[in-house]
Amino acid sequence: MKHGSYITNGKNYSYDNYTLTKGDKAVKIIVSYLQDDELLSNYANIVSQSIFKNKQQI
Amino acid sequence: MAILNSIASWLMKKRMHQIELFMKYPHDVQNEWLLNLTSSAHKTEFGKAHHFKSITNYEQFKQQVPIQGYESLKPLIERTRRGEQNLLWHTDIKWFAKSSGTTDKSKYIPVSKEFLDGCHYNGGRDMITFQCINNADTKLFTGKNLALGGSFKTDNFGDHHSYHGDVSAIIIQNLPMWAEYFRAPDVNIALMDNWEDKLEKMALSMADENVTSLAGVPSWMLVLIKRILELKKVDDLKDIWPNLEVYFHGGVSFTPYKELFEKLFNNNNVAYMQLYSASEGFFGIQDERVSNEMLLMLDYGIYYEFIPVSELQKENPKTYNLSEVQKDKDYAMLISTNAGLWRYQVGDTIRFTNLSPYRFIITGRTKQHINVFGEELMIHNVELALKTACEKTKAHIIDFTVAPVFMTDNTGAHEWLIEFDQEPNNLDFFISVLDDTLKHINSDYEAKRFNNYVLQKPVINLLPKNSFYNWLKANNKLGGQFKVPRLSNDRNTLEDVKRSLLKHA
Chain A
4 MKHGSYITNG KNYSYDNYTL TKGDKAVKII VSYLQDDELL SNYANIVSQS IFKNKQQI
Chain B
249 MAILNSIASW LMKKRMHQIE LFMKYPHDVQ NEWLLNLTSS AHKTEFGKAH HFKSITNYEQ
309 FKQQVPIQGY ESLKPLIERT RRGEQNLLWH TDIKWFAKSS GTTDKSKYIP VSKEFLDGCH
369 YNGGRDMITF QCINNADTKL FTGKNLALGG SFKTDNFGDH HSYHGDVSAI IIQNLPMWAE
429 YFRAPDVNIA LMDNWEDKLE KMALSMADEN VTSLAGVPSW MLVLIKRILE LKKVDDLKDI
489 WPNLEVYFHG GVSFTPYKEL FEKLFNNNNV AYMQLYSASE GFFGIQDERV SNEMLLMLDY
549 GIYYEFIPVS ELQKENPKTY NLSEVQKDKD YAMLISTNAG LWRYQVGDTI RFTNLSPYRF
609 IITGRTKQHI NVFGEELMIH NVELALKTAC EKTKAHIIDF TVAPVFMTDN TGAHEWLIEF
669 DQEPNNLDFF ISVLDDTLKH INSDYEAKRF NNYVLQKPVI NLLPKNSFYN WLKANNKLGG
729 QFKVPRLSND RNTLEDVKRS LLKHA
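Residue numbers (this note's numbering), protein chains in the order written: chain A, 4 to 61; chain B, 249 to 753.
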């Protein structure tokens, strides 16, 4: 997981990047959300937890 | 006070021209210091033994002087403590900075007058210079600098007296008058031996002062500020110190503490300035607000050399001077100082982020990493992973320690003891983020974690409040420069903290 932040159009965003690999195949998942927005950050956390729990299936 | 502030700020800014000089001609300044140091000490016992008189360049210096550790210098240091002089440095040495011994037993680092003036006081002055440069409207000198410090003790060897203590205490005891005027608390409180009484007295005496800057180790500053807020029955530090404008911090990485301090300072525009100051010397200052990098200070009477981390385990590691280092590589630092340390390994690892001027970040301690399973886990990996996990789960950390745990013959894990100021809102998620971030930033860790073959998921133990404080207290390690060893290759610290928990249960 790579967690970070960036600014676009004067607004602060956070991102969580995931790279899931199997053999020579890779899937990249980028979850990006408005910083300080409780609701969006909670949604992002739900997505992140789901990725952690279902890595094998994905 | 306003006139005094203007004069003092102007004087501080004048120093900037000298700093610009070493930024522009770093190698010339360093070469000059090498020759200055060796010629000053050529009549000392160490200087004669290593033919300092014949040294004219770096190549000769590294051929004639082997790399030193504390153990190799210890016989000469101990003789100096007992009153013999002219052994490592040519002027009299009576003061010894007792190193906190995060990873080893205590060390006694010699402190000469040249070292105090040229290194530590210059460092203290330059951190203020940078604050004045970065904040044109500074009101720093309208109030006091609250500095956390340790204490010192007298050693009696027959007729000879020498002194040892925290380097901060030696600095406070010997401060020039102009600096003493701006410092607080009163020297009688600042140098008290009993840390708990000292914190209480500091809190009481500082709560009504006009404090414009803070200096000290984050973990202890946090305890002090919380006590002051408690005493004054307010939540916002601005109600107590409205003119506070900068916090000078060092000693441990600020990363795990930043969020806690931001909460305490409540967006009051308090600036943070990182310092790299240790018993062995004052090495770096964060000269720019926009980044966490520090400027390597080249005119403090220290000659720097560097060992690539990959060479550390070798019997004869390659060493480089400043002109030979590369960007983005981890180096252990060797220093030769105007207090008689020669090619001495400091124990920290740094990485240059810029070569003109020389700016760097601290990446860890040569002895504070975990590499039991080949995972090469460095302290900066751990701190970044913790920061991410805390951000994602709204947690705040007080302190932590990590050690290996062996599960079967072939596999193991890292066991973490973490004390939170605010616990994660979801511990499973915290562990997943921590683990996954470590995998992302450290490929060795990722490889060892693959399918749990070598390393299993981290084992996290949450500690009750004050656990680390109680452990430090039980080990007589309360004080500004004592730190919890955060990464260990053995379980000694971790087991000791656990035992201390049982005593306080």
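Note that beta-carbon positions come from the ideal geometry of N, C-alpha and C, so glycine has one too.
Less than 8 Å between the C-beta atoms of phenylalanine 600(B) and valine 557(B), yes or no?
For phenylalanine 600(B) and valine 557(B), no; Cβs fall outside 8 Å.
Report buried or exposed for arginine 431(B), applying the criterion of at least 16 other Cβ atoms within 10 angstroms of its Cβ.
It counts as buried.
Would you tell me roughly how many angstroms separate the C-alpha atoms of threonine 351(B) and phenylalanine 648(B), rounded to the nearest one?
A caution first: threonine 351(B) carries a pLDDT of 47, below 50, which makes its placement in the model unreliable, though a value can still be read off. Distance between the alpha carbons of threonine 351(B) and phenylalanine 648(B): 15 Å.
Alpha-carbon spacing of leucine 324(B) relative to histidine 412(B), whole angstroms:
Our two residues, leucine 324(B) and histidine 412(B), have alpha carbons roughly 16 Å apart in a direct line.
Answer yes if the segment 732-742 of chain B comes into contact with the segment 615-626 of chain B, meaning at least three C-beta pairs across the two stretches below 8 Å, and no otherwise.
Contact holds: three or more Cβ-Cβ distances are below 8 Å.
Isoleucine 381(B) versus Lys261(B), Arg591(B) and Ser416(B), residue with shortest Cα-Cα distance
Considering only alpha carbons, the answer is Lys261(B).
Can at least three beta-carbon pairs, one atom from the segment 711-730 of chain B and one from the segment 636-645 of chain B, be found at a separation below 8 Å?
By the Cβ test, the segment 711-730 of chain B is not in contact with the segment 636-645 of chain B, since fewer than three Cβ pairs between them sit closer than 8 Å.
Give the interface partners of lysine 506(B) over in chain A, defined as CB-CB distance under 8 Å, in chain order.
Against lysine 506(B), chain A offers no close residue; the least beta-carbon distance is about 14 Å (beta-carbon pairs closer than 8 Å).
Grouping DSSP H, G and I as helix and E and B as strand, with all else coil, what is glycine 317(B)?
In this structure, DSSP gives glycine 317(B) a state outside helix and strand, which the three-state scheme calls coil.
What is the DSSP secondary structure of leucine 259(B), counted as helix, strand or coil?
Here leucine 259(B) sits in helix by DSSP.
Which value, in whole angstroms, describes the spacing of the CA atoms of isoleucine 488(B) and glutamine 534(B)?
Those two C-alpha atoms are separated by around 27 Å.
Based on the DSSP secondary-structure assignment, which residues constitute the bridge partners of threonine 22(A)?
Here threonine 22(A) is bridged, per DSSP, to Lys31(A).
Looking at chain A, is there any beta carbon in it that lies within less than 8 Å of the beta carbon of threonine 611(B)?
Look at threonine 611(B): its C-beta is not under 8 Å from any C-beta on chain A.
Kindly list, in the order they appear in chain B, the residues whose Cβ is closer than 9 Å to that of glutamine 52(A).
Neighbours of glutamine 52(A) across chain B, judged by C-beta separation under 9 Å: Asn674, Asp676, Phe677 and Ser680.
Residue closest to asparagine 12(A), alpha-carbon to alpha-carbon, out of Gly26(A), Ile33(A) and Leu37(A):
That would be Leu37(A), whose Cα lies nearest to the Cα of asparagine 12(A).
Between asparagine 540(B) and glutamine 522(B), which are expected to be in contact by the criterion C-beta below 8 Å, what is the C-beta distance as a whole number of angstroms?
A Cβ-Cβ distance of about 6 Å is found for the pair asparagine 540(B) and glutamine 522(B), placing them in contact under the 8 Å criterion.
Answer yes or no: does any C-beta atom of chain B fall closer than 8 Å to that of asparagine 57(A)?
So no, asparagine 57(A) is outside the interface.
Kindly indicate which three-state DSSP category glutamate 268(B) falls into: helix, strand or coil?
Residue state, collapsed to three classes: helix.
What's the gap between the Cα of leucine 43(A) and the Cα of valine 34(A)?
Separation of leucine 43(A) and valine 34(A) (C-alpha to C-alpha, rounded to the nearest whole angstrom) is 10 Å.
State the Cα-Cα distance for the pair leucine 439(B) and leucine 720(B), rounded to the nearest angstrom.
Their backbone Cα atoms lie some 19 Å apart in a straight line.
Which residues of chain A have a Cβ atom closer than 9 Å to the Cβ of aspartate 434(B), listed in chain order?
Result: empty, since nearest Cβ-Cβ is about 43 Å, beyond 9 Å.
Per the DSSP calculation, serine 410(B) is bridged to which residue(s)?
Beta-bridge partners of serine 410(B) (DSSP): Asp403(B).
Step through the CB atoms of chain A and report whether any lies within less than 8 Å of the CB of threonine 685(B).
For threonine 685(B), the answer is yes, since a Cβ of chain A falls inside 8 Å of its Cβ.
Short Cβ contact (8 Å threshold) for arginine 327(B) with leucine 321(B):
In this structure, leucine 321(B) does not lie closer than 8 Å to arginine 327(B) by Cβ.
Valine 494(B) versus threonine 636(B) - alpha carbon distance:
It is roughly 25 Å from the alpha-carbon of valine 494(B) to the alpha-carbon of threonine 636(B).
is_contact[lysine 5(A), chain B] using C-beta, thresh 8 Å
Any Cβ of chain B closer than 8 Å to the Cβ of lysine 5(A) would place that residue at the interface, and such an atom is present.
Residues in the same chain with beta-carbon distance under 7 Å from glutamine 312(B), minus the five sequence neighbours each way, listed in chain order, please.
These residues qualify, in order along the chain: His298, His299 and Ile303.
Separation of threonine 377(B) from glutamate 553(B), as counted between CA atoms
Going by C-alpha positions, glutamate 553(B) is about 26 Å away from threonine 377(B).
Identify the contact partners of asparagine 15(A) in chain B, using a Cβ-Cβ distance below 7 Å as the criterion.
Neighbourhood of asparagine 15(A) in chain B, by CB distance below 7 Å: empty, with the nearest CB roughly 13 Å away.
Of the residues Asp445(B), Met375(B) and Tyr369(B), the one placed nearest serine 399(B), counting alpha carbons only:
Scanning Asp445(B), Met375(B) and Tyr369(B) for the CA closest to the CA of serine 399(B) turns up Asp445(B).
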